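Throughout the sequence shown, residue numbering follows the numbering used here, covering 1 to 565 in sequence. The beta carbon of each residue, even a glycine, is placed where N, CA and C say it ideally should be. Computed from a predicted structure; not experimentally measured.
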Amino acid sequence: MMKKLVFVVVALIGLISCSTDLSGIEEKLTGLEKEGANLEKKYDDAKKESERLDKESDALEAEVRKRQEENEKIRQHLLELEDSLNTVEPKLLSMEFVAADNPLQLIENVKCTIIGDSAVECRILNITSSKVLIPRFTFQGSVVTINGEEVESGVSEIDFSQPVVLSIITPKTIKDYTVYVGAYTGLPTVWLETTTHKDIEQSGQYFNGRLKLAATPGTSENGYVTQANAKMMIVGPVYWYRSRVHEDLQLGKNAYSILFNENVSLFDAPEGKAWEFYTNTGDKTMLHKQTAFYLSSISALEYTPRFYHVNLLMNGRYYGTYLMGEDLEASEGRVNVGSDGFVLGIGASTYGPSFTTDHLERAVSVIAPSSSQSDASVDYVSNFIATAENALFSSDFTDESNGWQKYMDIDSFVDWYLINEISKNENGAFRSDCMMNLTRGGKLKMGPLWDFEKAFSVDASPNGFVIKNVNWYSRLFEDPAFVAKVKERYDYFYSHKNDIITEVSNMAQYLKYAIQEDNNKWYTFSSDLIAGDQVWALYQTSVYAMEDWLNTRMDWLKGEFDAMA
């Protein structure tokens, strides 16, 4: 019995103990269930994140494929572009200077002219002390360089004070352009355009074309201009040169003759058809001819050819400062010899009928009327001059009624002589283009003045006679009446000596800017390009030398003429 009781007690105690252990297990199970739920939630979250990442990965892969496709297209395009650049011809399409890019140098935009495939001309229409400019340009090619340095349109600053080489570069070739930038000169501008737009490259043959004149300085070609159709040709030999920046032979500074299709008035001068362009190549001052014409304008000579300094452009290319003026024509506004009179030239370089005399050093050419006139006209004038010459060299040549003055006008012979002697004009010694004129029924007159290429030479002594020694004038100086007239008229010119020298100074000042631009083109004052102020200083030195020479020359002549009986 006791054993049963003990067993019951032990069993009861075991049950109580198991109950306590099961409670702890339940708590643990509950904790495990919660932890499992959390893990399941984390798993779901991780699964969702994985799905999101998978989607992003797919999107990124799609974007990568898209970018790869685009890059491939770009690569193909670049290859195609490279191929096209390898085959395209390098070419400058346009060039200009915009005032907004260059506010200190320009007052208006400047569009440049591309001439053929080798040159660019740009003309600034205002005074500027600097040609450091920002250009704008369009082109066909890969890269643009100026003087070997890569440049960017609308950004790069370039010094255009001298010609520069603009190069258009492609992978296979390079195209060079010589760029000239000229500035305002204060002179009228003339544009000559041949019908074919090709340069005149041979002498003595007319080419059809058109002339445009902007008589007001600073006017563009598109501004107010006089325009007229004309024929044009080079007078004398054709000159060529090689630019410092372009190795090809180029057309130099040549003299031109212009014949309009109809009468035209330029610079408010009387109407006429024939005009000339002189280069003044041998005259650094560019004032010899104009100084002689100033003397003519204050003389007793009836007609002084009207000449004007101009900028000349041929087919868009700048050729420098020229002297443009009236050619010799028998007309009311020029050499007024009536409808049947004559313009004659001793040693004239023009074509036409000619004849010689016993005492003249050169043949006499009939310049007007034209060679189409009858032989009778030539016979008339040749017989008249022979008669006048016979009277000059006759024993009673000093007789005013029957001697040389019966046929030769003393006033024109004296003033023409004095102007040529003052200038010590070597060509005036009846060597080249010494002009005379004759009206039927009138006397033979000297003039107009014409050729002064070998006058006012500072390299020649200011002393000594030149014109006085030719046959006709040597004989005339044997007549006291002629000598008296020479002395009287020279005193008149001598009284205007200061006016003459002042006129030289004023004309030089007028050419200040033109001289600098002309030198940039032709290197007149230095074999190397020099700054504008240096050009002006060298030019003034030449002008001062001319003024000093002229002053000394006139003083010497004064002493010589005063000493004549």
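For my contact list, residue i and residue j are in at a C-beta cut-off of 8 Å; report their separation, rounded to the angstrom.
i: A183; j: K131; result: 7 Å
i: V470; j: E361; result: 6 Å
i: F342; j: V381; result: 5 Å
i: E201; j: L251; result: 6 Å
i: S167; j: D159; result: Rounded, the Cβ-Cβ distance is 17 Å, inconsistent with contact.
i: A460; j: E400; result: No, A460 and E400 are not in contact; Cβ-Cβ is about 36 Å, not under 8 Å.
i: N420; j: I367; result: Not a contact, Cβ separation roughly 18 Å.
i: G141; j: V88; result: 7 Å
i: V458; j: M546; result: 6 Å
Could you give the residue range of the beta strand (DSSP E) that holds residue i?
i: H496; result: Careful: H496 lies outside any beta strand (DSSP E) and carries neither H nor E.
i: H130; result: Residue identity check: residue 130 is Ser in the sequence provided, not His. Taken as a continuous stretch (DSSP letters only), S130 belongs to no beta strand (DSSP E), as it is neither H nor E.
i: I146; result: 143-146
i: T291; result: Counting along the chain, T291 falls outside any beta strand (DSSP E), though it belongs to the alpha helix (DSSP H) covering 288-297.
i: D176; result: 174-182
i: H309; result: 307-314
i: A255; result: 255-264
i: S608; result: Residue 608 lies beyond the stretch modelled for the chain, which goes from 1 to 565, so this question has no answer here.
i: A429; result: No beta strand (DSSP E) contains A429, which DSSP labels as neither H nor E.
i: Y239; result: Careful: Y239 lies outside any beta strand (DSSP E) and carries neither H nor E.
i: T321; result: 317-326
i: I169; result: 164-169
i: G209; result: 207-214
i: F277; result: 272-278
i: L344; result: 342-346
i: R440; result: First-last for R440: undefined, no H or E at that position.
i: I115; result: 113-115
i: A368; result: 364-368
i: W191; result: 189-194
Beta-carbon separation of residue i and residue j under 8 Å?
i: H288; j: A455; result: yes
i: L296; j: E276; result: Note that residue 296 is Ser in the sequence shown, not Leu. No. Outside cutoff.
i: I328; j: V337; result: This sequence places Leu at residue 328; Ile is not what is there. Taking 8 Å as the Cβ cut-off, L328 and V337 do not qualify as a contacting pair.
i: G333; j: M435; result: no
i: R306; j: A274; result: no
i: N427; j: W556; result: no
i: I422; j: F493; result: yes
i: S161; j: R136; result: no
i: Y278; j: L323; result: yes
i: H359; j: F397; result: no
i: T226; j: L187; result: no
i: Y150; j: I134; result: The question names Tyr, yet the displayed sequence has Glu at residue 150. Contact: no.
i: T285; j: V98; result: no
i: K568; j: F139; result: This structure leaves residue 568 out entirely; the chain is present only between 1 and 565.
i: Q290; j: M507; result: yes
i: S365; j: A348; result: yes
i: N311; j: N261; result: no
At what residues does the alpha helix (DSSP H) containing residue i begin and finish?
i: D379; result: 375-392
i: V543; result: 532-562
i: L418; result: 410-422
i: D518; result: 512-522
i: N471; result: 471-476
Among the options, which residue has its Cα nearest to the Cα of residue i?
i: Y239; options: D399, F561, T281, T196; result: T281
i: I169; options: Y180, T321, G148, D159; result: G148
i: Y407; options: A391, S395, L418; result: A391
i: E326; options: F355, G272, T279; result: G272
i: Y539; options: W549, N519, V466; result: N519
i: M233; options: D340, G204, R242; result: G204
i: A429; options: D409, R440, F452, G441; result: F452
i: E96; options: R67, V181, W404, G186; result: V181
i: R440; options: E69, K424, D340, Y241; result: D340
i: T387; options: N402, S57, T30; result: N402
i: S474; options: D409, Y417, H496, L438; result: Y417
i: R317; options: D199, N498, E547; result: D199
i: L511; options: P217, L529, A563; result: P217
i: L125; options: A119, I115, K111, H309; result: K111
i: S395; options: S457, T321, D479; result: D479
i: K558; options: E517, F465, E547; result: F465
i: A255; options: A565, M314, T173, K47; result: M314
i: D409; options: E389, K424, D283; result: E389
i: K253; options: M546, V264, D562, G320; result: G320
Contact criterion: CB-CB distance below 8 Å. Does residue i meet it with respect to chain D?
i: S365; result: Included in the structure is just one protein chain, with no chain D present.
Contact between the stretch 300-308 and the stretch 438-458: three or more CB pairs below 8 Å? Put simply, the stretch 300-308 touches the stretch 438-458. At least three CB pairs are less than 8 Å apart.
Count the C-beta pairs between the stretch 492-505 and the stretch 519-528 that are closer than 8 Å, then say yes if the count reaches three, no if not. No, because fewer than three Cβ pairs between the stretch 492-505 and the stretch 519-528 fall closer than 8 Å, the two stretches do not touch.
Could you tell me whether the stretch 121-136 touches the stretch 101-108, using the rule of 3 or more Cβ pairs below 8 Å? Here the stretch 121-136 lies against the stretch 101-108, with 3 or more beta-carbon pairs under 8 Å apart.
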